[in-house]
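*Asks:*
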Amino acid sequence: MIKKWVPTIDREIVGSFPKSDCHSNVSDKATSQTLSLAPISNMFLSCIWFLELLLLSLLFNVNSAQTIVKSLPGYPGELPFKLETGYVSVGKNDTVQLFYYFIESERDAVRDPLVLWLTGGIGCSAFSGLVYEIGPLNFDAESYNGSLPSFILNPYSWTKIANIILLDLPVGTGFSYATTSQGYLSSDTKSTNDAYMFLQKWLLNHPKFINNRLYIAGDSYGGKIAPMVVLEITKGNEAGLTPHMSIEGYLIGNPAVNVPKDENWRVPYAHRLALISDEYYERAKSSCDGEYMNPNPNNAECQFALQLIKQCTSNICLSHILEPICKFRAPKLDGLKWDLTYFEEDPNDILLPSSDQENPKCRFTDYVLSYVWMNNPSVREALQIRKGTKEKWKRCNGSLPISYDQDVTSVFDHHQVLSTKGYQALVYSGDHDMMIPYIGTLQWIRDLNLTLEEDWRPWFLNGQIAGYTLKYQYQEDQCYLTFATVKGGGHTAPEYKPKECFAMIDRWFSYYPL
561 MIKKWVPTID REIVGSFPKS DCHSNVSDKA TSQTLSLAPI SNMFLSCIWF
611 LELLLLSLLF NVNSAQTIVK SLPGYPGELP FKLETGYVSV GKNDTVQLFY
661 YFIESERDAV RDPLVLWLTG GIGCSAFSGL VYEIGPLNFD AESYNGSLPS
711 FILNPYSWTK IANIILLDLP VGTGFSYATT SQGYLSSDTK STNDAYMFLQ
761 KWLLNHPKFI NNRLYIAGDS YGGKIAPMVV LEITKGNEAG LTPHMSIEGY
811 LIGNPAVNVP KDENWRVPYA HRLALISDEY YERAKSSCDG EYMNPNPNNA
861 ECQFALQLIK QCTSNICLSH ILEPICKFRA PKLDGLKWDL TYFEEDPNDI
911 LLPSSDQENP KCRFTDYVLS YVWMNNPSVR EALQIRKGTK EKWKRCNGSL
961 PISYDQDVTS VFDHHQVLST KGYQALVYSG DHDMMIPYIG TLQWIRDLNL
1011 TLEEDWRPWF LNGQIAGYTL KYQYQEDQCY LTFATVKGGG HTAPEYKPKE
1061 CFAMIDRWFS YYPL
């Protein structure tokens, strides 16, 4: 085991953000990490630091390759932000090659936080998070004419206030690949270990970000893996592993925690949103013993009650109940059930509307643009994708959930442990998401038995209610968890409400109350 190593850099970690009283411990923690050294001493220590990094890189066998991408097909001229793409080898014998996109903060790369972003799925590419949720580019869907899709800038990109790594995880997702068939076997535990090793190697290769405040972010199923990664980082730091990571907390959106239980909240949510009648709900509630997704097949009364509910919900878009259902060549929905493999889409599966009058716009048709763009040879050349490693890129790899081992049923215990570590946590949910309804998320948060610091209240943007929020603390003067709904948001919230979500995380990163 390598001895614990902490680099000495003379700068303020957190910066001069105003903070509420309950975050004073964060300021103290950050300030205690800064040192004031004489110029000569600084120069000497910098040399020592560089040599230590070089030695660690050799010991860690850092096998990575990265490229600065200055232009992209579909965007005119040079990119107005710094984009890096690359691979980092992880796993036994470095058989897994994880692909990533890294975008430096457009404000202050030195002082702004570093965020590792994990997209959900299972098996949805980080590129989906980049162009449809939090990144600096969006596809110009309105102007698409059948050729190579073009981009417009996203004014609400999270990269305006943070350095963001978007990682194709687990292996087989996006452009990540393995050099052996055994390497493609993955699970919750393996994904967590791969993400931790990725961060170790990436930070050694990018030492200027080692002391940036580090957050792990994930949405949907990525929201299940994120706290697992934070706990792994915590164990590594406590064991003195290198490099020591400046982990500050995590943020998860529309997150999975215990998938069967998460899905089970769809029936109470459907009742709350007036999609099913009181009578249907009470009938299911009394006959199904609270089990709606995997009921006893021999319980005829429950089966009948759920059939009535399915008749009311089978044509509801679960990712956002107010949006139109997409028309596919083959039906993939089954009432309340939405299998994880549903996330895979192919241009040949989607019926493009012949006119806006006959068919309302389907959000999934926008997803096809990523398929068209990513499989263009000029795009792969620009991103420096290794030839022969990925025959066809898919936004969501529907075959992954079949082979993927969900070996951790619930991460509730992970949240409990992390609540004792003094980290900051942000949990947010689009309130029109029926895939992982916010009422289920709110329930497991309450089950943590944290101290309620601030009760349910609206939070605002430009004088309008943007959602509702609660704040909990683990002990006195130590804010731990902020929960927020995003009004009008779906699965997941930043895709539907980018402006509101940007305001939310900007305040949270800056230690402002929502």
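Residue 1074 is where the sequence shown ends in the working numbering, and the numbering goes up by one at each step.
Note that CB positions come from ideal geometry on N, CA and C, so glycine has one too.
These numbers were taken from a predicted model, which means no experiment stands behind them.
1. Please identify the residue among 725, 864, 777 and 724 whose C-alpha is closest to the C-alpha of residue 842.
2. Could you pull the DSSP bridge partners for residue 644 from this structure?
3. Here's a check: name, in chain order, each residue in its chain whose Cβ is nearer than 6 Å to the Cβ of residue 674, leaving out the five neighbours to either side.
4. Identify which residue in 795, 940 and 874 has its Cα closest to the Cα of residue 995.
5. Which value, in whole angstroms, describes the spacing of the CA atoms of residue 900 and residue 964?
6. Got a sec? Which residues, its chain only, sit under 6 Å from residue 1042 by beta carbon, not counting five neighbours each side?
7. Per the DSSP calculation, residue 1039 is bridged to which residue(s)?
8. Would residue 758 be called buried (16 or more neighbouring beta carbons within 10 Å of its own) or exposed?
9. Alpha carbon to alpha carbon, what distance is there between residue 778 and residue 1033?
10. Would DSSP call residue 742 helix, strand or coil?
11. Does the segment 684-703 come close enough to the segment 726-739 that 3 or more CB-CB pairs lie under 8 Å?
12. Applying the criterion that 16 or more other CB atoms from any shown protein chain within 10 Å of the CB defines a buried residue, is residue 1063 buried or exposed?
13. Taking the continuous alpha helix (DSSP H) assigned at residue 864, which residues delimit it?
14. Between residue 989 and residue 1049, is the Cβ-Cβ spacing less than 9 Å?
15. Using three-state DSSP, classify residue 913 as helix, strand or coil.
16. Can you tell which of 979, 721, 670 and 644 has the C-alpha that lies nearest to the C-alpha of residue 767?
17. Applying the criterion that 16 or more other CB atoms from any shown protein chain within 10 Å of the CB defines a buried residue, is residue 1141 buried or exposed?
18. Might you give, ordered along the chain, the residues of its own chain that have their beta carbon closer than 6 Å to the beta carbon of residue 1000, omitting 5 neighbours on each side?
19. In chain order, what residues of the same chain have a beta carbon less than 7 Å from the beta carbon of residue 970, not counting five sequence neighbours either side?
20. Measure the alpha-carbon distance for residue 663 versus residue 1023 and round it to whole angstroms.
21. Which residue from 982, 1027, 1019 and 972 puts its Cα closest to that of residue 1006?
22. Tell whether a beta-carbon distance below 9 Å holds between residue 680 and residue 744.
23. In whole angstroms, what is the alpha-carbon distance linking residue 676 and residue 776?
24. Which residue comes first and which comes last in the alpha helix (DSSP H) that contains residue 675?
25. Quick one: Cα of residue 850 to Cα of residue 1004, how far?
26. So for residue 690, helix, strand or coil by DSSP?
27. To the nearest angstrom, how far is the alpha carbon of residue 755 from that of residue 650?
28. Taking the alpha-carbon of residue 810 as reference, which of 947, 725, 629 and 983 has the nearest alpha-carbon?
29. Taking just the CA atoms, how far does residue 746 sit from residue 979?
30. Suppose contacts are defined by Cβ-Cβ distances below 9 Å. Is residue 748 in contact with residue 944 by that definition?
31. Hey, residue 938 and residue 955: beta-carbon distance below 9 Å or not?
32. Using only alpha-carbon positions, find the residue among 789, 783, 742 and 1073 that is nearest to residue 760.
*Replies:* On the basis of the coordinates in this document:
1. Comparing alpha-carbon positions, the option among 725, 864, 777 and 724 lying closest to residue 842 turns out to be 864.
2. Looking at the DSSP assignment, residue 644 forms a beta bridge with 628 and 662.
3. Within the same chain, Cβ atoms closer than 6 Å to the Cβ of residue 674 are found at 723, 769, 772 and 774, the five residues on either side in sequence being excluded.
4. Closest by alpha carbon: 874.
5. Caution is warranted here: a pLDDT of 45 is assigned to residue 900, below 50, making its placement in the model unreliable, and the coordinate value is therefore given only provisionally. For residue 900 and residue 964, the distance between alpha carbons rounds to 11 Å.
6. Excluding its 5 nearest sequence neighbours in each direction, residue 1042 has C-beta neighbours in its own chain below 6 Å: 986 and 1031, listed in chain order.
7. As a beta-bridge residue in DSSP terms, residue 1039 pairs with 1033.
8. Burial check for residue 758: the Cβ neighbour count within 10 Å reaches 16 or more, so the residue is buried.
9. Straight through space, the alpha carbons of residue 778 and residue 1033 are spaced by roughly 22 Å.
10. Per DSSP, reduced to three states, the secondary structure at residue 742 is helical.
11. With a cut-off of 8 Å on Cβ pairs, the segment 726-739 is in contact with the segment 684-703, counting three or more such pairs.
12. Per the 10 Å Cβ criterion, buried.
13. Per DSSP, residue 864 belongs to the alpha helix (DSSP H) from 860-873.
14. Result yes, Cβ atoms of residue 989 and residue 1049 sit closer than 9 Å.
15. Any reading at residue 913 needs caution, since the residue's pLDDT is 46, under 50, leaving its predicted position unreliable; the model's value is listed next. Of the three classes helix, strand and coil, the one that applies to residue 913 here is coil, per DSSP.
16. Relative to residue 767, the option among 979, 721, 670 and 644 whose CA is nearest is 670.
17. Nothing can be reported for residue 1141: it is not among the residues displayed for the chain, which extend from 561 to 1074.
18. Same-chain partners within the cutoff: 822 and 825.
19. Excluding residues up to 5 positions away in sequence, 817 and 818 lie with their Cβ nearer than 7 Å to the Cβ of residue 970 in the same chain.
20. Residue 663 and residue 1023: Cα-Cα distance of roughly 31 Å.
21. Of the listed residues, the one whose Cα sits closest to residue 1006 is 972.
22. No, they are not a contact pair.
23. Residue 676 and residue 776 have their C-alpha atoms roughly 5 Å apart.
24. No alpha helix (DSSP H) holds residue 675; the beta strand (DSSP E) holding it covers 674-678.
25. If you take the alpha carbons of residue 850 and residue 1004, they lie about 16 Å apart.
26. Looking at residue 690 - three-state DSSP - the assignment turns out to be helix.
27. For residue 755 and residue 650, the distance between alpha carbons rounds to 9 Å.
28. Here the closest residue by C-alpha is 983.
29. As the crow flies, the alpha-carbon of residue 979 is around 28 Å from that of residue 746.
30. The answer is no: Cβ separation not under 9 Å.
31. Contact: no.
32. Of the listed residues, the one whose Cα sits closest to residue 760 is 789.
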